[in-house]
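Residue numbers for the sequence shown follow my numbering, beginning at 3 and rising by one.
Here a beta-carbon is modelled for each residue, glycine too, at the ideal position from N, C-alpha and C.
Only a predicted model underlies this, so the values are computations on that prediction, with no experimental measurement involved.
Presented below is the structure to which this report refers.
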Amino acid sequence: MGIRIAGITEDSIVDGEGLRLVLFTQGCPHACPGCHNPETHDLQGGTWLDEEALLSLIRENPLLDGVTFSGGEPFLQAKELALLANRIRKEFGSRPDFSLMAYTGYTFEELLTRVPSALDLLLELDLLVDGRFIQEKRTLDLLWRGSTNQRILQVPSSLEQKTPVLYLPA
Ligand code: SF4
3 MGIRIAGITE
13 DSIVDGEGLR
23 LVLFTQGCPH
33 ACPGCHNPET
43 HDLQGGTWLD
53 EEALLSLIRE
63 NPLLDGVTFS
73 GGEPFLQAKE
83 LALLANRIRK
93 EFGSRPDFSL
103 MAYTGYTFEE
113 LLTRVPSALD
123 LLLELDLLVD
133 GRFIQEKRTL
143 DLLWRGSTNQ
153 RILQVPSSLE
163 QKTPVLYLPA
């Protein structure tokens, strides 16, 4: 099955640690007021990802520190993204400090209790930024996040401890 995407940014420095390729998935059910990417909401919009082309982009850029899944809501396509993340990790995971990260409008707790196949994708991730964008809590001061309710979580530790574990950047 394919992955429906809104687009790809090859060289972001604002969507996680270092220089990152960002895959923006298409489709989002959250309808956060003030969302900056309303064009990604339509579940039938976007285009289909060419996975081989994406892997080539990563291959061609040894400076990348990782890949970030953003949206849209990546966890609507958790099963498909988990397979892709696994391919990325197998081929590029040995690069120094290479990481996989995702954004989601769900909380970590919601992902585990309400979202089918969320665990498949979580098991492939290093970091997760969770929670809806809340306009009243909007800030420009926080790393990688748009509103103060959103958290950066260490995914392996959070899964292991069965509770959200914050990532505190140096
Ligand atoms: S979760 Fe993200 S993409 Fe979806 S409506 Fe909220 S801000 Fe927009």
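Any heavy atom of the ligand SF4 closer than 8 Å to the CB of Glu40?
In the sequence as displayed, the identity of residue 40 is Pro instead of Glu. Within the cutoff, so yes.
Taking 8 Å as the cut-off, is the C-beta of Phe135 nearer than that to any heavy atom in the ligand SF4?
Phe135 Cβ: within cutoff of the ligand SF4.
Determine, using beta-carbon pairs with one atom in the segment 51–63 and one in the segment 102–116, whether at least three such pairs fall under 8 Å.
No, because fewer than three Cβ pairs between the segment 51–63 and the segment 102–116 fall closer than 8 Å, the two stretches do not touch.
Leu85 beta carbon less than 9 Å from that of Leu56
No.
Three-state secondary structure assigned by DSSP to Ser14:
Ser14 sits in a strand when the DSSP states are folded into three classes.
Would the beta-carbon of Glu112 be found less than 8 Å away from any heavy atom of the ligand SF4?
No.
Contact test: Tyr105 Cβ vs the ligand SF4 heavy atom, cutoff 8 Å
Indeed, a heavy atom of the ligand SF4 lies less than 8 Å from the Cβ.
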